[in-house]
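Colleague:
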Ligand code: FAD
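In the UniProt record's numbering, the protein residues as written are 67 to 585.
Now the structure itself:
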């Protein structure tokens with residue numbers, strides 16, 4: 067007999083992991099072995115546009131986890147199963163062969179994953195296996211934040227602000243939700259799993275990585291090292307050190323060593339600096355949160371320890387409170403996903419926009435993807451994505467608005483390209499960000515919220531260092547010359563476009579073509 071913890075793509079950690087804690091406690095109580103299991107499902111990754119970067123990150127984390135499970139004497143069984151439709155059968159067959167009584171897993175809120183889990187639950191039940199799925203991904207569980215009419219917040223209710231109020235109040239009334247789930251301890255394991263099952267970590271994982279064209283794998287590995295310890299170091303850096311303008315390139319956020327926090331650490335200055343892409347002012351914890359390498363609860367606990375307070379601070383009064391509000395956006399979009407599953411099926415949150423006729427223009431789409439639109443801030447941001455697998459939040463909004471409201475291309479094309487390239491690609495946040503930017507989502511402002519990329523460039527890149535770093539063709543320029551540059555070398559002139567930014571009505575390059583409402 068045995069108990070199984072089924073680890074998923076978004077909970078790659080041992081500490082503060084609810085399903086693992088429950089599985090471990092049951093194994094101990096029943097005096098039977100605990101097995102940790104991971105199913106690699108290539109067809110799912112293809113269907114969900116998972117980037118090679120994120121998959122590589124996942125595999126690197128699995129290697130770290132294998133060592134940790136070994137130290138705990140918990141066998142870690144990782145297997146590949148290609149046809150996604152038969153994954154539930156494969157999982158249950160494996161459980162049967164191990165004579166598993168109970169399986170525990172953290173919920174994944176995407177529709178395909180929920181369907182898969184329901185199938186596992188059904189098939190398992192037929193074989194006498196009990197499946198337990200737990201909320202773990204977010205700080206406040208989906209379904210908690212409701213309107214007075216007991217409905218989920220929708221676009222007609224000014225969505226985020228009242229939702230955040232409910233989120234903060236509920237959390238402060240139930241601080242127990244922030245408690246860390248106990249990690250298994252080697253002495254807790256009454257039956258040494260490793261002696262029963264041996265080392266089952268399969269060697270086919272490297273082959274699987276090689277199957278991807280992960281040409282920038284080395285850069286990614288340097289930039290985003292695997293493991294919870296690295297996530298904690300990245301957080302410490304954010305809490306205790308000052309932002310610098312030297313971290314825009316392909317250098318690990320950890321490579322710079324500790325600088326003094328005199329004048330305010332990154333988190334203290336977050337309110338002032340978070341929209342600036344020309345300094346490394348935000349936490350850059352998103353790849354670790356998206357893959358669950360660190361728990362969102364642990365991060366909130368850290369903010370409370372930092373401020374030495376007993377309640378969750380999510381006000382706009384200081385950098386920490388503003389940062390917690392950003393963390394809450396992640397919960398918010400997961401709540402949207404669970405209440406409105408249509409958003410994970412390519413449909414707009416606001417259904418009235420389902421029939422929008424978007425432009426089709428492959429040349430414009432390609433120019434946007436490679437960062438050759440001729441609009442310097444858009445090009446810099448897209449090149450940041452293409453080299454780092456990550457993009458600054460303000461630039462994500464600028465590039466998304468540019469694609470949907472200047473080039474008038476379908477937000478789903480941008481959403482897909484982001485998923486294919488981000489190391490922090492996450493359906494709920496990515497879809498939420500794209501739909502918000504395209505005005506088909508939760509932004510109560512209607513379609514006329516349009517960012518002027520040139521005005522935005524002054525806010526996001528006041529020094530111009532960001533554009534100069536990522537668009538080296540413009541490195542010799544300064545001030546307005548840089549920001550408004552229409553240097554033909556930055557545009558896709560080889561696609562037969564006249565000089566000047568694409569997306570303007572005439573492609574004449576005249577600034578008059580960009581009469582946007584500044585937002
Ligand atoms: P910080 O500013 O330090 O914020 C801390 C954490 O809060 C982030 O790591 C993230 O987990 C969360 N967070 C912050 N802002 C948001 C937000 N607007 N929505 C949801 N969560 C937020 N984030 C992803 O994690 N994955 C995505 O695939 C993703 N796609 C996006 C697409 C678009 C078009 C937009 C506009 C935003 C997207 N975001 C996404 C949200 C946000 O841009 C990133 O979370 C943030 O830039 C990550 O950098 P950071 O860790 O330094 O953030």
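Cβ coordinates follow ideal geometry from the N, Cα and C atoms, glycine included.
Taking just the CA atoms, how far does residue 304 sit from residue 298?
Modeller: 10 Å
Colleague: Classify residue 158 as buried or exposed, calling it buried when 16 or more other Cβ atoms lie within 10 Å of its own Cβ.
Modeller: With 16 or more neighbouring CB atoms inside 10 Å of its own CB, residue 158 falls in the buried class.
Colleague: So, helix, strand or coil for residue 175, using DSSP?
Modeller: coil
Colleague: Count the CB pairs spanning the segment 532 to 545 and the segment 439 to 454 that are closer than 8 Å, and state whether there are at least three.
Modeller: yes
Colleague: Quick check: is any heavy atom of the ligand FAD less than 7 Å from the C-beta of residue 114?
Modeller: no
Colleague: Helix, strand or coil for residue 196? Go by DSSP, reduced to three states.
Modeller: Three-state DSSP puts residue 196 in a strand.
Colleague: Taking the continuous alpha helix (DSSP H) assigned at residue 164, which residues delimit it?
Modeller: Neither: residue 164 is in no alpha helix (DSSP H) and is coded neither H nor E.
Colleague: On a Cα-Cα basis, can you pick out the residue from 200, 121 and 436 that is closest to residue 85?
Modeller: Distance from the Cα of residue 85 is smallest, within the candidate group 200, 121 and 436, for 200.
Colleague: I want to know whether the segment 179 to 192 touches the segment 203 to 220 - three or more CB-CB distances under 8 Å.
Modeller: no
Colleague: Would you decide whether residue 149 is buried or exposed? Buried here means 16 or more other CB atoms lie within 10 Å of its CB.
Modeller: By the 10 Å Cβ count, residue 149 comes out exposed.
Colleague: Helix, strand or coil, according to DSSP, for residue 70 in the structure here?
Modeller: strand
Colleague: How many Å lie between residue 441 and residue 520 at the Cα?
Modeller: Looking at the two C-alpha atoms, the distance is approximately 8 Å.
Colleague: Flag this pair as touching only if the segment 231 to 249 and the segment 125 to 132 have three or more C-beta atom pairs under 8 Å; answer yes or no.
Modeller: no
Colleague: Check this for me: beta carbons of residue 104 and residue 70, under 8 Å apart or not?
Modeller: no
Colleague: For residue 357, verify whether its CB is less than 7 Å away from any heavy atom of the ligand FAD.
Modeller: no
Colleague: Give me the Cβ distance between residue 175 and residue 355, rounded to the nearest whole Å; I'm assuming they're in contact under 8 Å.
Modeller: That pair is no contact at about 15 Å.
Colleague: Output needed for residue 400: all residues of its chain with C-beta closer than 7 Å, excluding positions within five of it in sequence on either side, in chain order.
Modeller: Excluding the 5 residues flanking it on each side, residue 400 has same chain C-beta neighbours closer than 7 Å at 175, 203, 204, 208 and 494, in chain order.
Colleague: Would you say the beta carbon of residue 229 comes nearer than 7 Å to a heavy atom of the ligand FAD?
Modeller: no
Colleague: Have a look at 119, 538, 169 and 126 and flag the residue whose alpha-carbon is nearest the alpha-carbon of residue 101.
Modeller: 169
Colleague: What residue does the alpha helix (DSSP H) around residue 238 start on, and which one ends it?
Modeller: 226 to 239
Colleague: So if DSSP puts residue 423 in a beta bridge, which residue, or which two residues, is it bridged to?
Modeller: DSSP output for residue 423 lists no bridge partner at all.
Colleague: Would you list the residues sitting across from residue 103 in a DSSP beta bridge?
Modeller: According to DSSP, residue 103 bridges with 72 and 143.
Colleague: Looking only at C-alpha atoms, which of 68, 526, 152 and 212 sits nearest to residue 141?
Modeller: 68
Colleague: Quick test of the definition: if touching needs 3 or more C-beta pairs under 8 Å, does the segment 111 to 130 touch the segment 159 to 166?
Modeller: no
Colleague: Could you check whether the Cβ of residue 499 sits closer than 7 Å to any heavy atom belonging to the ligand FAD?
Modeller: yes
Colleague: Measuring straight from C-alpha to C-alpha, what distance separates residue 147 and residue 283?
Modeller: 23 Å
Colleague: With a threshold of 16 other CB atoms inside 10 Å of the CB of residue 538, please say whether the residue is buried or exposed.
Modeller: exposed
Colleague: Please go through the same chain and pick out, in chain order, the residues whose beta-carbon is closer than 8 Å to the beta-carbon of residue 551, but skip the five residues on each side of it.
Modeller: 442, 540 and 543
Colleague: When the Cα atoms are used, what is the spatial distance from residue 509 to residue 415?
Modeller: 10 Å
Colleague: Kindly identify the DSSP beta-bridge partner or partners of residue 170.
Modeller: 71 and 198
Colleague: Rounded to whole angstroms, how far is the Cβ of residue 334 from the Cβ of residue 301, which I believe are closer than 8 Å?
Modeller: That belief does not hold up - the Cβ atoms of residue 334 and residue 301 are roughly 14 Å apart, past 8 Å.
Colleague: Which residue's Cα is closest to the Cα of residue 248: 293, 90 and 346?
Modeller: With distances taken between Cα atoms, residue 248 lies closest to 90.
Colleague: Kindly examine the ligand SAM and report whether one of its heavy atoms sits closer than 7 Å to the Cβ of residue 337.
Modeller: Of the ligands one can find in the structure shown, namely the ligand FAD, none is the ligand SAM.
Colleague: Pair every Cβ in the segment 467 to 476 with every Cβ in the segment 406 to 420, then say whether three or more of these pairs are closer than 8 Å.
Modeller: no
Colleague: If we ignore side chains and look at the alpha-carbon of each, how far apart do residue 88 and residue 407 end up?
Modeller: 28 Å
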